[in-house]
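What follows is one structure encoded as structure tokens, with my remarks underneath.
In the UniProt record's numbering, the protein residues as written are 1 to 155.
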């Protein structure tokens with residue numbers, strides 16, 4: 001085994017801790033996000049800031065190959081790269097992943113609990129079209145039972 005330490009190089013830095021990394025489907029770009037709300041794009045020759053927010057840190061990001069963009073969860077917002085915020089609500093998305101086709105997104109969310117209760121976990125499968133629609137009720141819901149929705153994305 002060879003020592004590849006010299007192959008590493010510093011691509012850039014964030015003000016805060018890095019919370020998530022995601023590659024574009026062609027591996028030409030690396031997107032990084034931090035707990036201080038900053039999202040950066042790293043290419044072969046530059047490291048640029050795409051978004052900065054002092055009041056919302058980025059929990060996670062996921063790349064959609066079919067849409068050619070990533071989604072980032074920042075506080076209670078879901079942000080699509082190259083588009084505006086597509087969802088803003090009281091739910092915090094802690095993590096998310098697109099399926100390999102980029103057609104369906106799975107999110108792990110925390111719902112606000114009743115007064116004196118902890119926030120409730122929820123797992124959902126949905127398309128980006130449903131993220132702004134708060135009318136989707138969970139199939140199952142409870143403190144230890146996850147709910148699940150599945151809506152196929154038509155492109």
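Even for Gly, the Cβ is constructed at its ideal location relative to N, Cα and C.
Compare the beta carbon distance of residue 32 and residue 59 with 8 Å and say whether it is the shorter of the two. By the CB criterion at 8 Å, residue 32 and residue 59 fall outside the cutoff.
Residue 41, enclosing beta strand (DSSP E) - first and last residue: Element bounds for residue 41: 39 to 42.
What does the Cβ neighbour count give for residue 101, buried or exposed, with the cut at 16 atoms within 10 Å? Around the beta carbon of residue 101, fewer than 16 other beta carbons lie within 10 angstroms, which makes this residue exposed.
Closer than 6 Å by C-beta to residue 21: which residues in its own chain qualify, once you throw out the five before and the five after it? Chain order, please. Answer for residue 21: 32, listed in chain order.
Going by alpha carbons, who is nearest to residue 29 out of 77, 65, 16 and 57? It is 65.
Closest Cα partner of residue 105 within the set 40, 62 and 81: Taking only the C-alpha atoms, the option nearest residue 105 is 62.
Collapsed DSSP secondary structure at residue 31 in the structure displayed: Strand, per DSSP.
Note down the Cα distance separating residue 52 from residue 23, rounded to an integer number of angstroms. Cα-Cα distance, rounded: 19 Å.
Of the residues 69, 49, 16 and 92, which one's Cα is nearest the Cα of residue 25? When the alpha-carbon of residue 25 is set against those of 69, 49, 16 and 92, the nearest one is in 69.
Using the C-alpha atoms, what's the distance from residue 39 back to residue 48? For residue 48 and residue 39, the gap between their C-alpha atoms comes out near 9 Å.
Apart from the five residues on each side of it in sequence, which residues of its chain come closer than 6 Å, Cβ to Cβ, to residue 95? Around residue 95: 60 and 108.
Can you have a look at residue 34 and say buried or exposed, based on whether 16 or more other CB atoms are within 10 angstroms of its CB? That one is buried.
C-beta contact flag for residue 45 and residue 16 at 8 Å: Their beta carbons are not under 8 Å apart, which means residue 45 does not touch residue 16 by this criterion.
Between the Cα of residue 93 and those of 67, 56, 81 and 43, spot the shortest distance and give me the residue it belongs to. When only C-alpha atoms are compared, the closest one is 56.
Under the rule that 16 or more other beta-carbon atoms within 10 Å means buried, what is residue 27, buried or exposed? The residue in question, residue 27, is exposed, as its Cβ has fewer than 16 Cβ neighbours within 10 Å.
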